[in-house]
Structures are given as structure tokens and as C-alpha cells.
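**Q** When the letters of the sequence shown are read in order and numbered with my numbering, they come out as residues 88 to 238.
C-beta atoms are modelled at their ideal positions from N, C-alpha and C, and glycine is treated no differently.
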Amino acid sequence: MLVIKPKVSTYISLSLVLLILISGLVFILRDFTYKGSFGIWFYLIACTLITLVILMLLVKMLAGYRFITAGRDQIIVKLPLRGYSKTYPVSQILAWEEEVVLANKKEFRQVTIAFSDKQSISVSNHEHEAYKDLVAYLAKKAGKQRVKGKK
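#1: For R153, count neighbouring C-beta atoms within 10 Å of its own C-beta (all shown protein chains included) and say buried if the count is 16 or more, exposed if not.
#2: Answer yes if the region 202–212 comes into contact with the region 177–186, meaning at least three C-beta pairs across the two stretches below 8 Å, and no otherwise.
#3: Just verifying my parser: in three-state terms, what is the DSSP assignment at S124?
#4: Would I163 and S172 qualify as a contact pair, given that the criterion is a beta-carbon distance under 8 Å?
#5: So what does DSSP say about R117, is it helix, strand or coil?
#6: Buried or exposed: which applies to N191, given that a residue is buried once 16 or more other Cβ atoms fall within 10 Å of its Cβ?
#7: Going by DSSP in three states, S203 sits in which element: helix, strand or coil?
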């Protein structure tokens, strides 16, 4: 059985960024309360923007927290924060595609798998462990469903 889980280093990095943003928000609100160094519009705009970025980051972290198990001619998708678990036989894979993007001299890879119940999952090499093993498993078990992507 092949287990694809989120990389701990990714979640540590995102948590540090989240902590910095929350600290900045607290600092701005504290400054507004005690000193009022800037105009009211600065505080309104800055707090709104920082709060939106914090919420988007939290949604990204929570939505991406999933475990995928591949083996024995099936793929099991578990979303522990939602209490969701679904088993898909390999025969229910409609299509899968691997996308490769070069940015800043680094290669980012992402595989998207679409299932017959209109659900899909995406796994990337920078956010998940055992990415290459999943692609090899899909190529072996569901090679005919592969969609050739642009490189």
C-alpha cells in the first residue's frame, strides 16, 4: 500500500507565515488601540487585507490536509478534518493528468485524478510525500485513462 500524505515541512512553513500574519494583525490592532499612529483608513484597510490573507491561508491548509492510499487496485481518499473517507476502485478513474510547470528554475508537478462520481483530487510534488510513486502507480494501473498534458 502506498500512502500519500502532506509534507510536514510544508505545513510548518505555512504555519510560520500564519503566525507572522497574526502577529502583524495583533500589532496593528494594538497600535490602533493605544497610540493611533496612523489614520483610521490605514487601520481599516490593513486589518481587512491581513484578515483576508489569514483566512485564505487557513482554508488552503485545511482543505489540502488529506491522506490518499493507493494499492490493491483501489484509491482511498481520507479527509480527516471533514470525517470523509471514500474508496475508489481503479476502474472508476475517468481520467488523470500530470501537469509540469517550470518556475524560477524549479519544476512543479501536479497530478489531477477525476473519478466517475464527478469528484477529483489533486496531488503535488511540493505538498505531498510519495508523489512519484503515485504517478507510477497510476501509469501502471490506469495508463489508458491518462490525459497527455502540455510540458
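**A** Looking at the coordinates:
#1: buried
#2: yes
#3: coil
#4: yes
#5: helix
#6: exposed
#7: coil
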